[in-house]
């Protein structure tokens with residue numbers, strides 16, 4: 003009966019617990035607490051499982067003689083009532099004790115994330131800011147502080163989750179939800195939408211980058227600045243094409259005539275770790291393919307394809323976008 | 035005639051309603067001498083012939099008009115099993131898609147349809163119906179009854195289930211299946227184009243109605259159709275679980291039906307209950323869905339525990355230890371399960387206080403569940419365990435279920451749930467609980483009960499193969515998923531990137547799923563392979579102690595040879611000479627003198643015999659009624675609203691024909707010799723009658739659905755600042771209050787009609803019924819004028835939409851009330867409903883108690899409440 007477990011045990015050892023999106027490889031205070039909680043609960047669960055199933059195995063296969071009825075009654079009350087009440091009280095006290103802390107209000111930075119089908123609008127509100135610094139599909143947070151995160155959804159429900167940093171919270175149209183995160187370890191992680199949101203739910207992820215506070219401040223300052231001018235002739239052609247094709251109707255590239263708010267802000271597109279909400283690498287090739295036919299990579303996406311453009315035009319566009327550092 | 039006269043005399047001096055229910059006459063309980071009295075073999079043969087003829091299963095194509103629980107139960111279980119295999123195939127296709135990263139075996143849309151249908155079918159087409167199917171099949175045998183109390187209702191439920199199931203599942207073949215998840219969260223599901231969500235809403239509502247019908251029947255069967263002497267504390271544990279689960283279905287499904295009602299109104303009429311831009315709220319659906327959805331888990335799980343509770347004492351060859359503890363725990367789980375739904379919504383940003391409360395409540399379920407499991411273990415400990423085929427599956431079930439329970443303890447902790455919610459960790463958890471808590475015990479139960487149904491045993495060798503393949507395949511598939519989830523893989527994703535590092539685990543899961551499927555296939559083969567050459571087993575092959583093993587199957591369709599007198603929990607072990615008396619027909623109603631199908635009705639708690647009632651026989655009308663009901667639910671999917679209304683009217687006509695021709699018939703002879711010196715009435719009315727209980731229980735469910743709509747009003751009132759919006763038109767108070775008055779008048783007239791009819795003044799009673807009909811029409815008019823006159827527009831905002839929804843709901847009930855009143859009027863005029871035989875009028879009055887209450891609440895909510903908001 004325990005055969006499969008024994009076979010699978012080495013497999014568990016083989017599969018490491020780390021990964022860009024792993025609960026068990028925490029890089030934030032809450033995730034650390036919850037990973038520890040998991041290991042404690044797992045240990046308890048294994049002990050209880052072995053004890054109970056061992057008991058069943060014993061009574062059905064090994065038991066030398068039947069038990070008397072009094073002992074049986076004691077087993078029911080002891081095993082069914084007394085032991086669970088004690089263990090669960092301890093567990094609840096231990097596990098829920100930290101819950102208020104995990105829902106504390108953040109200090110300083112507030113990040114406002116809005117879920118769209120199938121991408122994320124991300125707006126940074128540093129302390130005292132009048133207007134936000136808007137970007138998309140990537141969340142950067144500084145270490146050493148608890149940042150407030152407010153969540154909205156544009157059309158359908160999504161859920162915002164960076165496993166390495168902490169738990170998830172749903173984004174619900176018509177109401178604002180909130181959470182807070184306290185990253186501890188700089189690095190690049192991955193977040194993903196965890197509430198089914200339509201055809202390309204699987205393709206709604208984002209890069210989550212944790213930075214030292216100074217590096218974060220520098221990055222935020224750069225992010226607040228308008229877009230860089232296209233550096234090459236090709237990129238300039240791409241920039242002109244971007245406007246003439248009407249891309250600016252949906253996308254904003256701050257500092258240019260493109261001021262659309264329907265789609266992701268592209269001002270510093272090329273400085274992000276991934277393209278198209280965490281599903282493509284940030285390369286010119288990927289940009290070209292994406293612009294040509296986004297639905298190939300993300301079924302149900304709202305952006306139309308630009309396959310009427312020539313390869314040359316697409317390359318120029320990719321060069322422009324790839325230069326928006 | 036003299037009989038009737040005495041009753042009439044007593045009525046004049048009697049105490050209200052109860053006097054007409056002529057009590058049993060003669061000796062009860064039976065003495066040992068009476069039970070030992072020999073039976074003349076000739077009489078015995080004649081009685082057997084009578085019974086055989088009365089209970090004969092129709093032959094040839096007429097077989098499908100059968101309504102007997104043994105036929106319907108088998109069709110029902112096999113259909114549910116077939117739907118389970120279909121849903122399983124969908125799961126395998128999904129596992130192929132997920133075996134490797136960035137796979138394109140299935141498109142995103144198709145995968146989304148598959149996982150939606152996998153969950154929906156497993157829940158609505160397999161888990162719940164399977165419980166009802168198995169219960170319809172074996173419950174009468176547990177209770178020594180000849181059949182369920184309303185066999186045609188079982189058949190109607192089955193045909194509805196079949197039609198609805200094929201419709202919903204068939205949509206996948208046309209690539210139009212619902213694709214927004216089995217939970218159908220708005221706004222995604224309300225905004226989705228195509229007919230997928232409509233198929234889900236209407237098709238499954240149809241099946242839910244059938245499920246509720248079956249639940250009503252099972253509850254009434256357990257309460258009223260127990261054999262004489264089987265007091266409530268002597269019931270087999272299975273019957274207790276049926277009672278608990280039936281009641282849970284009764285209170286859990288209606289919130290979903292109310293939710294479906296609002297949802298479909300939004301989809302077809304654009305009434306914005308869940309649209310935040312127009313005052314709606316998507317969370318209302320989540321609440322309604324999970325108020326259903328969480329009890330649903332226990333609705334699925336408890337019946338399997340019930341099966342285990344029948345197998346374990348047999349395996350231990352000893353009565354169950356801690357019977358009362360188990361009953362208390364089952365009831366406790368039932369209660370608790372309604373207070374946990376929020377743990378499905380831990381991530382929706384609720385306040386910490388609620389989270390803490392619902393975490394603790396969720397953990398509390400461990401206690402009653404633990405008690406049940408330890409009671410089984412204790413029983414095995416005090417007995418001598420003989421490890422048999424079924425016991426292997428039960429042991430496997432415990433191993434898997436306890437693992438699922440322990441991960442359940444983890445996810446009930448709100449902060450931990452924030453991490454694993456909607457990841458593969460939860461997928462693993464729920465499959466551990468449902469496989470361990472449902473699939474394994476059901477299969478064990480099938481191995482156990484197979485000889486009861488066919489008098490053959492299933493293969494030992496195949497059983498072992500099936501078990502070990504299923505067990506190891508299951509663990510290989512689902513154990514790694516815990517880790518996949520902890521590594522961050524969300525549920526319901528049709529693919530994943532290689533860089534995520536989930537590929538090895540997913541490949542292992544896929545391999546496991548095919549091993550699991552092989553095990554299920556071996557089991558299916560063992561179940562369905564022809565066994566005509568196999569010798570028959572003895573009657574009680576496991577040497578069990580409960581009543582069902584007294585059946586002599588499959589030759590005789592009559593169920594029990596004679597309805598026994600019960601004095602212990604395990605009569606086959608503890609009552610001497612039981613089987614011999616049983617077979618000789620020494621117990622009750624061992625004959626069928628008038629060639630009718632009958633069963634004994636007893637009192638709810640002490641099981642004192644009250645009557646011998648006729649149960650219905652084969653009929654096509656149930657099939658027609660189901661087909662037309664199906665039309666009424668299915669046609670709106672394609673926007674054929676008038677055809678749907680026509681189909682609904684035909685369904686009502688079928689049901690009226692069925693009721694008129696086969697229920698509450700005026701008997702020729704009011705009493706019947708039930709045997710053992712006991713004479714019992716053959717017509718009962720009021721609370722003694724199963725029909726009265728059925729109406730009462732149905733109305734409890736109906737009232738729950740109505741309460742869910744009322745919950746909706748209060749939810750909006752408290753959760754939305756703009757309810758009603760500033761300056762909005764409010765319903766007219768005077769019209770609403772007039773409607774309220776009309777409801778009270780109609781109710782009063784109905785009650786008066788009942789009293790006058792009983793007092794022998796049928797003429798005045800008929801005029802009262804006419805008055806009640808007119809007052810109902812007035813109430814209907816008043817309600818509509820109250821919302822139409824001030825110009826409420828349901829498409830503009832959730833507030834007028836909710837006012838309209840309440841009015842539509844109550845109006846539909848008004849129409850039903852009018853039909854019922856007219857049915858009574860026709861009965862009174864045509865002699866079906868008389869001074870003595872007034873069951874229809876009693877039931878209509880009972881309906882009116884609920885009708886009046888909901889009418890008053892509706893008019894207050896519409897007419898008065900908005901002025902206070």
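Residue numbers (our numbering), protein chains in the order written: chain A, 3 to 327; chain B, 35 to 903. Glycine included, every Cβ here is placed at the ideal spot set by N, Cα and C.
Extent of the continuous beta strand (DSSP E) to which residue i belongs
i, result
"residue 212 of chain A", "207-213"
"residue 744 of chain B", "First-last for residue 744 of chain B: 724-753, but that is the alpha helix (DSSP H), not the beta strand (DSSP E)."
"residue 154 of chain A", "149-155"
"residue 191 of chain A", "189-194"
"residue 643 of chain B", "643-648"
"residue 284 of chain A", "Neither: residue 284 of chain A is in no beta strand (DSSP E) and is coded neither H nor E."
"residue 271 of chain A", "Taken as a continuous stretch (DSSP letters only), residue 271 of chain A belongs to no beta strand (DSSP E), as it is neither H nor E."
Listed by chain order, chain B residues near residue i by CB distance under 7 angstroms
i, result
"residue 100 of chain A", "449"
Between the CA atoms of residue j and residue i - distance to the nearest angstrom
i, j, result
"residue 242 of chain A", "residue 123 of chain A", "25 angstroms"
"residue 800 of chain B", "residue 250 of chain B", "30 angstroms"
"residue 49 of chain B", "residue 625 of chain B", "Confidence at residue 49 of chain B is low in this model, with a pLDDT of 40, below 50, so its placement is unreliable and no value can be given for it."
"residue 269 of chain A", "residue 203 of chain A", "25 angstroms"
"residue 45 of chain B", "residue 62 of chain B", "Note that residue 45 of chain B scores 37 on pLDDT, short of 50, meaning its location in the model is unreliable and no value can be drawn from it."
"residue 157 of chain A", "residue 227 of chain B", "14 angstroms"
"residue 549 of chain B", "residue 140 of chain B", "21 angstroms"
"residue 307 of chain A", "residue 475 of chain B", "53 angstroms"
"residue 434 of chain B", "residue 293 of chain A", "49 angstroms"
"residue 133 of chain A", "residue 261 of chain A", "16 angstroms"
"residue 191 of chain A", "residue 477 of chain B", "45 angstroms"
"residue 483 of chain B", "residue 648 of chain B", "28 angstroms"
"residue 436 of chain B", "residue 680 of chain B", "51 angstroms"
"residue 149 of chain A", "residue 113 of chain A", "7 angstroms"
"residue 326 of chain A", "residue 316 of chain A", "16 angstroms"
"residue 52 of chain B", "residue 257 of chain B", "Only weak support is given to the placement of residue 52 of chain B: the predicted model assigns it a pLDDT of 43, under 50, and the question is left unresolved by the model."
"residue 683 of chain B", "residue 846 of chain B", "13 angstroms"
"residue 425 of chain B", "residue 349 of chain B", "7 angstroms"
"residue 489 of chain B", "residue 565 of chain B", "10 angstroms"
"residue 47 of chain B", "residue 793 of chain B", "Since pLDDT at residue 47 of chain B reaches only 37, below the 50 mark, its modelled position is unreliable, and the value read off the structure follows with that caveat. Those two C-alpha atoms are separated by around 11 angstroms."
Beta-carbon separation (whole angstroms), residue i vs residue j, contact threshold 8 angstroms
i, j, result
"residue 209 of chain A", "residue 274 of chain A", "6 angstroms"
"residue 298 of chain A", "residue 324 of chain A", "Actually they do not touch by this definition, with Cβ atoms about 19 angstroms apart."
"residue 785 of chain B", "residue 879 of chain B", "6 angstroms"
"residue 321 of chain A", "residue 237 of chain A", "5 angstroms"
"residue 266 of chain A", "residue 400 of chain B", "46 angstroms between Cβ atoms; not a contact."
"residue 64 of chain B", "residue 710 of chain B", "4 angstroms"
Listed by chain order, chain A residues near residue i by CB distance under 7 angstroms
i, result
"residue 211 of chain B", "Per Cβ cutoff of 7 angstroms: no residues; residue 211 of chain B is ~14 angstroms from chain A at best."
"residue 393 of chain B", "94 and 98"
"residue 146 of chain B", "201"
"residue 760 of chain B", "Those within 7 angstroms of residue 760 of chain B in chain A number zero; the least Cβ separation is about 18 angstroms."
Terminal residues of the alpha helix (DSSP H) in which residue i lies
i, result
"residue 219 of chain B", "It is not in any alpha helix (DSSP H) - residue 219 of chain B carries neither H nor E in the DSSP assignment."
"residue 715 of chain B", "Here residue 715 of chain B belongs to no alpha helix (DSSP H); instead the beta strand (DSSP E) covers 712-715."
"residue 150 of chain B", "142-154"
Partner residues on chain A for residue i, Cβ-Cβ distance less than 8 angstroms
i, result
"residue 855 of chain B", "Within 8 angstroms Cβ-Cβ: nothing; residue 855 of chain B doesn't reach chain A, min ~44 angstroms."
"residue 214 of chain B", "198 and 200"
Contact list for residue i against chain B, beta-carbon separation under 8 angstroms
i, result
"residue 325 of chain A", "Result: empty, since nearest Cβ-Cβ is about 25 angstroms, beyond 8 angstroms."
> Do the region 650-663 of chain B and the region 94-112 of chain B touch if we need at least three Cβ pairs shorter than 8 angstroms?
Replying inline: yes
>> Using a Cβ distance threshold of 8 angstroms, determine whether the region 205-222 of chain B contacts the region 141-150 of chain A, with at least three qualifying pairs required.
In response: no
> Is it a yes or a no for the region 571-579 of chain B touching the region 150-169 of chain B, going by three-plus beta-carbon pairs under 8 angstroms?
Replying inline: no
> Contact between the region 721-740 of chain B and the region 673-688 of chain B: three or more CB pairs below 8 angstroms?
Replying inline: no
> Are three or more beta carbon pairs between the region 166-183 of chain A and the region 21-29 of chain A nearer than 8 angstroms?
Replying inline: yes
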